[in-house]
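Converting from the sequence shown to our numbering requires adding 232 to each position, the first position being numbered 1.
Here the structure is laid out as structure tokens; the discussion comes afterwards.
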Amino acid sequence: MKLHSIGTTKDPWAQALLAHMPRETNAKTILIVGAQMQIFATFFFWLARFRVLWLASHNEYNNQTKTLMRIMSRFAETILAPNQATEALYLKAGVPGKKLVLIYPSCKSKLGIRSPNSAFIIGCDGEIGIEHGLGIILRSVKNAQDILGTIKLIISGNVTEKNQIEWLSQELGISNRVQVAPSKGQGWMAPCHLFLVIRQRPSALPLSLAAALSHGLPIVANDMLNHREFIQHNKNGILLKDINSDILSQTIINLSRKPEWMDELGRESSRFAEERFSPETTQEKIQAVFLH
């Protein structure tokens, strides 16, 4: 039978997982996406004898929404969560844990080929705004440029504040070291040596983090609970308990001076991605839900 789905989401992890859903199932099934549609449509499809599945999305839910999610979840058979942070949001809303299934979207592993004589290239996702972490990254590049004369920062992905980024880069005198290149794909990070995830609020993680791990990049991030889901300190990256531009720039400089350690961190990133984001693992878990 054809899989039916309704609803939308802006969560990039949920969008990526949605792309892996099968076209056919062995029962009359509806996949409901987004909390609003899950609240208002679940009961009607349940009455129509559909097998009801939810795709969880990362968002901030008020108390009323959480209450309605908890009530309507009684009529959903299974709830798919694309990462632990999203899973935790639904648990906090009172959704039964036994209904939640964690399935990461796949991201095929491919190690980047980087010349040891090229500029030291750092990548980050432009989805993170200047006030919420990107400003710290730009100032850390300014601090590090005197010591790392060949440093370069690529800001790509879903760039939300392109004009502000370019203005601040000009003000800091690093416009020649910053490349702003919005992209829907992930090929832009292939020449990077390091990937930064600096966020000062608990918003949804950029999906580019999964791609950076798959590219075998060491990760530097501030220490947040949902960062620990993907970054193991001193194993595939560095978690900074305190974060400002001075600390970040010193971390970047220290890593650049230890290429063997960076290679080791990168290999661990690739191994981690192979375990979490392999197409085989994703498809196996999806089939277990839809075709049982």
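Note that beta-carbon positions come from the ideal geometry of N, C-alpha and C, so glycine has one too.
All of these numbers come straight from a predicted model, not from anything done at the bench.
- request: Look up P187 in the DSSP assignment and say whether it is helix, strand or coil.
  value: The structure shown does not extend to residue 187, since the chain is modelled only from 233 through 524, so no value can be given for it.
- prompt: Taking R499 as the reference, which of N468, D243, K260 has the closest Cα?
  reply: N468
message: Which of the three DSSP states is assigned to Q464 in this structure?
response: coil
query: If F427 and C356 are in contact, beta carbons under 8 Å, what's the gap, nearest whole angstrom?
result: 7 Å
- prompt: Using the C-alpha atoms, what's the distance from S440 back to T382?
  reply: 24 Å
- prompt: In whole angstroms, what is the alpha-carbon distance linking S372 and I430?
  reply: 11 Å
query: Quick one: what's got a C-beta closer than 8 Å to D243's C-beta in the same chain, skipping five residues either side?
result: S289, H290, N291, P314, T318, A436
field: C-alpha gap between E309 and R281, whole angstroms
entry: 12 Å
task: State yes or no: is the C-beta of I353 within less than 8 Å of the C-beta of P414?
output: No, they are not a contact pair.
6 Å Cβ shell around A442 - same chain, five flanking residues per side excluded: C339, F509
- request: Take I604 as the anchor and find which of Q377, T261, Q270, W245 has the nearest alpha-carbon.
  value: Beyond the ends of the chain as shown, which are 233 and 524, falls residue 604; an answer cannot be given.
task: Identify which residue in K260, F277, V333 has its Cα closest to the Cα of A520.
output: V333
- prompt: With C-beta atoms as the reference, is P450 less than 8 Å away from L497?
  reply: yes
task: Kindly provide the ranges of any alpha helix (DSSP H) runs that are 4 or more residues long and lie completely inside the stretch 378-447, ordered along the chain.
output: 394-404, 440-446
message: Taking a contact to mean a Cβ-Cβ separation below 8 Å, would you say S501 touches L445 in this structure?
response: yes
Proximity of M253 and I518 at Cβ, strictly below 8 Å: yes
Neighbour flag for Q396 against chain C, beta carbons, 8 Å: The structure shown has no chain C; it contains just one protein chain.
task: Could you tell me the distance, in whole angstroms, from the CA atom of L404 to the CA atom of Q296?
output: 45 Å
message: Quick check on the DSSP output: what are the complete beta strand (DSSP E) runs of length 3 or more inside the stretch 270-328, in order along the chain?
response: 283-287, 310-313
- request: Using three-state DSSP, classify T514 as helix, strand or coil.
  value: helix
query: At what residues does the beta strand (DSSP E) containing A453 begin and finish?
result: 451-454
message: Along the chain, where does the alpha helix (DSSP H) containing I368 start, and where does it finish?
response: Counting along the chain, the alpha helix (DSSP H) containing I368 begins and ends at 366-376.
query: The alpha helix (DSSP H) with L249 in it runs from where to where?
result: 244-250
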